[in-house]
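Just so we're aligned: 110 in the numbering used here is position 108 of the sequence shown, and the numbers increase by one with no gaps anywhere.
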Amino acid sequence: MTMTTDTAAQNFVIAPPAVSSVAIAGTEARFPIRRIFCVGRNYAAHAREMGKDPDRDPPFFFTKPADSVVDNGAAVPYPPLTRNFHYEIELVLAIGKGGFNIPASKALDHVYGYAVGIDLTRRDLQLAARDAGRPWDWGKAFDLSAPCAPLHRAAEIGHPQKGRIWLAVNGQVKQDADIADLIWNVPEIVSILSEAVELKPGDLVYTGTPAGVGAIVAGDKVTGGIDGLGDIEITIAPPRG
Ligand code: MN
Numbered sequence: 003m004t005m006t007t008d009t010a011a012q013n014f015v016i017a018p019p020a021v022s023s024v025a026i027a028g029t030e031a032r033f034p035i036r037r038i039f040c041v042g043r044n045y046a047a048h049a050r051e052m053g054k055d056p057d058r059d060p061p062f063f064f065t066k067p068a069d070s071v072v073d074n075g076a077a078v079p080y081p082p083l084t085r086n087f088h089y090e091i092e093l094v095l096a097i098g099k100g101g102f103n104i105p106a107s108k109a110l111d112h113v114y115g116y117a118v119g120i121d122l123t124r125r126d127l128q129l130a131a132r133d134a135g136r137p138w139d140w141g142k143a144f145d146l147s148a149p150c151a152p153l154h155r156a157a158e159i160g161h162p163q164k165g166r167i168w169l170a171v172n173g174q175v176k177q178d179a180d181i182a183d184l185i186w187n188v189p190e191i192v193s194i195l196s197e198a199v200e201l202k203p204g205d206l207v208y209t210g211t212p213a214g215v216g217a218i219v220a221g222d223k224v225t226g227g228i229d230g231l232g233d234i235e236i237t238i239a240p241p242r243g
C-alpha cells in the first residue's frame, strides 16, 4: 500500500510552514529550499579585509534558515539590532541530487543550478560573536538575510568556473572580482560539505564573497551580478515598525 504524502491528511496541530523557494530562470516553476549553507572566507582578499590570513585550511560553514531567502527585486527592511549592515555578493549553488561523502570528481552531478545571491550580514553582531567565541547566528541567520536571484539550470548553462562577480551600491561598484578566485571551488565545497552532513535536494550553498564588503542603509539600491547568471537587485527599506 502506498503511503500518503498529502500534508492535509496529516494531523498537525498548527498549519505547517510554507515551503521556501527560489525562482528558476525561464520558467514559472520554482526550486524548493531545504537548508541554506554558507562558506566563510572563500576569497583571499576578503579574508584579509576581515583581518584573517587566507589559507587552505579546510573551509568552514555557517547556515541561514530556509525561510530567510528573498526573491530578486525585493525591498529588505533594515534589520534589527545592527548598526553595521553589510552586503556580500556570492555565487549560489543549488543541490538537486543528495549525497553523503561525495567525491569532488562527482560533485557537479549533484548541482542543479547556480544563482547570484547576497549574504546579508549584521557585521557588528558577527564580529562581536566571533571575537567572543560565540555562534555567528545573530550576525548571519536573520529574517530576509538571503536574497537570491533566479537559478540557472546547469543542464542549460553548464558549471561556471570563471566570470566577473560584482556588486554596486547606488550604482557605485564596491565588489569586483572573478569566481575563478574562489579558494575552494564548487566541487570541493560540495564534497567537503557532504562529509559533514548528508546533502539533500533543495539545499543551497552560498560560496563566499570577494573583497569590498561594506555597509548599507535604508534607501540604498544594491545591484550585483555574475557573468552568465544575470543580475540581482534589492532595495533597503526603513526598519520594520
Ligand atoms: Mn558570505
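Quick reminder that beta carbons are idealized off the backbone N, C-alpha and C, glycines included.
*Per DSSP, what kind of secondary structure is Lys223 in: helix, strand or coil?*
As a working mapping, residue 223 is identified with position 221 in the sequence shown. Three-state DSSP puts Lys223 in a strand.
_If I follow the unbroken alpha helix (DSSP H) through Glu92, where does it start and stop?_
To locate residue 92, count along the sequence shown from 1; it is residue 90. Premise fails: Glu92 lies in the beta strand (DSSP E), Ile91 to Ile97, not in any alpha helix (DSSP H).
*asked:* Suppose the cutoff is 7 Å on Cβ atoms and the five residues either side in sequence are ignored; what does the same chain contact list for Gly221 look like?
replied: For the purposes of this step, residue 221 is identified with residue 219 of the sequence shown, where counting begins at 1. Once the five neighbours on either side are set aside, the close Cβ partners of Gly221 are Ile238.
_Would Gly204 and Ile91 be called neighbours here (beta carbons separated by less than 7 Å)?_
Translated into positions along the sequence shown, residue 204 becomes position 202. Translated into positions along the sequence shown, residue 91 becomes position 89. Contact: no.
*Got a sec: does ligand 1 put a non-hydrogen atom nearer than 6 Å to the Cβ of Glu51?*
Along the sequence shown, one-based indexing puts residue 51 at 49. Incorrect: Glu51 has no Cβ contact closer than 6 Å to ligand 1.
*Looking at the unbroken beta strand (DSSP E) that takes in Ala77, where does it start and where does it end?*
Indexing the sequence shown from 1 puts residue 77 at position 75. Note, Ala77: beta strand (DSSP E), Ala77 to Pro79.
*Looking at Gly135 and Tyr114, is the spacing between their C-beta atoms short of 7 Å?*
If you number the sequence shown from 1, residue 114 lands on position 112. If you number the sequence shown from 1, residue 135 lands on position 133. No. Outside cutoff.
*Answer yes or no: do Trp140 and Leu122 have a C-beta to C-beta separation smaller than 7 Å?*
Mapped onto the sequence shown, residue 140 falls at position 138. Mapped onto the sequence shown, residue 122 falls at position 120. No.
*Taking 6 Å as the limit, tell me which residues put their C-beta closer than that to any heavy atom of ligand 1, in chain order.*
Cys40, Glu90, Glu92, Asp121, Tyr208, Gly210 and Thr211
_Given this structure, state the Cα-to-Cα distance separating Gly100 from Leu206, to the nearest angstrom._
As a working mapping, residue 100 is identified with position 98 in the sequence shown. As a working mapping, residue 206 is identified with position 204 in the sequence shown. Using only the alpha carbons, I get a separation of about 12 Å.
*Starting from Gly232, follow the beta strand (DSSP E) in both directions and report where the run begins and ends.*
If you number the sequence shown from 1, residue 232 lands on position 230. Unbroken beta strand (DSSP E) run through Gly232: Gly232 to Ala239.
*asked:* Quick test of the definition: if touching needs 3 or more C-beta pairs under 8 Å, does the stretch 173-184 touch the stretch 43-60?
replied: yes
*Between the beta-carbon of Leu169 and the beta-carbon of Tyr89, is there less than 7 Å?*
Numbered from 1 along the sequence shown, position 167 holds the residue referred to as residue 169. Numbered from 1 along the sequence shown, position 87 holds the residue referred to as residue 89. Yes, they are a contact pair.
*N-terminal and C-terminal residue of the alpha helix (DSSP H) that Gly119 is part of*: As a position in the sequence shown, residue 119 is number 117, starting the count at 1. Not the alpha helix (DSSP H): Gly119 falls in the beta strand (DSSP E), residues Val113 to Ile120.
_Between Asp73, Ala156 and Gly42, which has its C-alpha nearest Asp59's C-alpha?_
One-based indexing of the sequence shown puts residue 59 at position 57. Asp59 has its Cα closest to that of Gly42, out of Asp73, Ala156 and Gly42.
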